[in-house]
Amino acid sequence: MAKLLYSGTISTDGFLAGPGGDMSWATEHLGPNPEVDALIDRIGALLVGRRTFGGDDPHRGTDKEGKPFGGGWSGPQFVLTHHAPPASPPGITFVGDLAGAVEAAKAAAGDKYVNVLGASVARQCLDAGLLDEIFVCVAPVMLGDGVRLFDHPGGTRVKLERIGLTELPHVTNMWLRVV
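Here UniProt numbering is used: the first residue of the sequence shown is 1, the next is one more, and so on.
Shown next as structure tokens:
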């Protein structure tokens, strides 16, 4: 059965994207990462938030733009949105509710991961008790503002267990299990 994994590159102060959803800061931190390369082979489907799907891309202006993991992964994508366009691009399914999106993505992923992309959809998965693991690449930069990895006004404690830690020159990888 597929597990839900939230992944992304974050700044040291916990931001996935800078102000206005800017992802250009991440470009210099996307260097070789054997752990990410190994993870890509273990992903069976993506569950993507609408803002992430249509948002900024750290590969903007290159031939990797608009492709998951810069073109390193291909497969079924499920976009959680209340405003689906009239036609879907090939391989993209727009789903209007979290339960339906998770069910469809898990079915498509088989025994591989459903990789969750987007802070809002990840928070919704956490709130619903659906998220199994988190993988973050922590970049040595502070953005000061933007979209946080996890933001829950009023506060919510989420207990995590570290299951992996790898230091590379351009990022530190942390693999965590949601307890």
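Idealized CB from N, CA, C, for every residue including glycine.
Please read these numbers as outputs of a predicted model, since none were measured by experiment.
Check	Outcome
Through-space distance from VAL121 to ARG51, alpha-carbon basis	10 Å
Between the CA atoms of VAL178 and VAL158 - distance to the nearest angstrom	7 Å
Assigned exposure category for SER24 - 16 Cβ within 10 Å defines buried	exposed
Length of the line joining the Cα atoms of GLY96 and TYR6	20 Å
Every unbroken beta strand (DSSP E) inside the segment 71 to 111 [3 residues or more]	77 to 80 and 92 to 95
Spatial distance of THR9 from ALA87 (CA atoms)	30 Å
Distance between GLY91 and LEU99 (C-alpha atoms, nearest Å)	The sequence given here places Ala at residue 99; Leu does not occur at that position. If you take the alpha carbons of ALA99 and GLY91, they lie about 19 Å apart.
LEU39, DSSP secondary structure in three states	helix
Of the listed residues ARG162, ALA108 and ALA139, nearest to THR172 (C-alpha basis)	ALA139
Contact belief for PRO76 with ALA108 at Cβ below 8 Å, rounded distance in angstroms	4 Å
Simplified DSSP assignment, three categories, for THR166	strand
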